[in-house]
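Heads up, the working numbering is the position in the sequence shown plus 13, with the first residue counted as 1.
We put the CB at the ideal spot given by N, CA and C, even for glycine.
Everything on this sheet refers to the single structure shown next.
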Amino acid sequence: MGRKRARKGKHLLFYLAAGMMVSLFLSSCAASLHQGREQLRASDLSLQSGDYKAALAQNMEVYHRYHDRLGDQALFQIGLLYAYPENPDADYEKAICSFEALAVEFPDSPMKSQAEVCVSILTNAVKLKKRLHSLEETYDEKEQTLVKLEKEIDEKKKSIARYHRSVSSRKVAMEHLQLQISELQTRLEQLEAQLSDLKKIDLMMEEKRRKSSP
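This is the structure we're talking about:
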């Protein structure tokens with residue numbers, strides 16, 4: 014009878030000790046999770062103050078230390094940081110990678126759908142940016158051609174003036190030069206029309222880029 018009571022006493026002590034250990038573990042986890050959330054809030058403050066590097070470092074630490082519980086929130090904020098237009102280190106490609114990682118690593122996260130929307134918006138923004146760069150290059154080429162043509166026209170006009178002063182009787186030659194000028198002016202007008210169209214496209218692209226920026 015005494016032995017049974019002793020065993021029951023040992024079992025009771027065991028359960029009490031185990032309960033205390035579980036309680037301590039849960040308290041430790043709760044405290045740790047609280048620290049992680051505090052770091053996320055601190056990263057928001059860093060972002061608002063313009064300290065983007067500190068905000069990124071804080072979110073990266075949360076992602077690695079509290080991956081299973083707060084990793085999705087950290088990745089989402091990392092993506093927003095890389096997409097933030099005022100961030101001098103903004104990188105749409107890195108932002109897309111962060112949002113895609115969130116969707117893959119945390120398929121049940123409530124932030125997954127938001128991350129997928131951000132991926133779609135940023136992917137379109139990258140395409141528009143490349144298109145805009147291409148248009149800018151074309152615009153520069155057309156502008157250089159236009160300047161060259163304007164110089165040619167000026168030279169032709171000067172040539173006509175000189176020719177008219179020195180050889181007023183050569184009407185045929187004058188008409189030939191005037192024909193050349195007419196052709197050059199026609200080309201100039203065509204280029205000006207093309208440049209006008211390119212400027213309109215440029216404005217439309219810039220407007221789309223602004224609207225698609227988060």
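Thinking C-alpha only, which one of the options is nearest residue i?
i, options, result
"Thr136", "Glu118, Pro123, Asp121 and Ile109", "Ile109"
"Phe112", "Lys125, Ala103 and Pro101", "Lys125"
"Leu60", "His80, Gln90, Arg78 and Glu74", "Gln90"
"Ala87", "Leu58, Gln71 and Pro98", "Gln71"
"Asp167", "Pro120, Glu129 and Gln191", "Gln191"
"Gly131", "Ala114, Arg175, Met73 and Pro101", "The sequence shown places Cys at residue 131, not Gly. Here the closest residue by C-alpha is Ala114."
"Leu5", "Ala116, Val117, Leu83 and Gly63", "The requested residue 5 is not part of the displayed model; the chain covers only 14 to 227."
"Arg82", "Asp104, Glu99, Leu53 and Pro98", "Leu53"
"Ala138", "Glu51, Arg200 and Glu220", "Glu220"
"Ser209", "Asp121, Asp153 and Glu196", "Asp153"
"Leu204", "Arg223, Glu163, Gln193 and Phe119", "Glu163"
"Lys143", "Tyr105, Tyr65, Ser122 and Arg175", "Tyr105"
"His80", "Glu165, Lys155 and Phe119", "Phe119"
"Tyr65", "Leu211, Gln157, Pro123 and Glu99", "Glu99"
"Gly92", "Ala128, Gly49 and Val117", "Ala128"
With 16 as the cutoff for other CB atoms within 10 Å, does residue i come out buried or exposed?
i, result
"Leu12", "Summary: the structure shown does not reach residue 12, with the chain confined to residues 14 through 227, and so no result is reported for it."
"Ala206", "exposed"
"Val160", "exposed"
"Glu188", "exposed"
"Lys171", "exposed"
"Asp102", "exposed"
"Asp85", "buried"
"Leu69", "buried"
"Ser40", "Residue placement at Ser40 is poorly supported in this model, since its pLDDT is 38, which falls under 50; the coordinates are not used for a value here."
"Val75", "buried"
"Ser133", "exposed"
"Ser56", "buried"
Do three or more CB pairs link the region 206-225 to the region 142-161 at distances below 8 Å? yes
Enumerated in chain order, which unbroken segments of the alpha helix (DSSP H) with a length of 4 residues or greater are wholly contained in the region 64-115? 65-78 and 80-96
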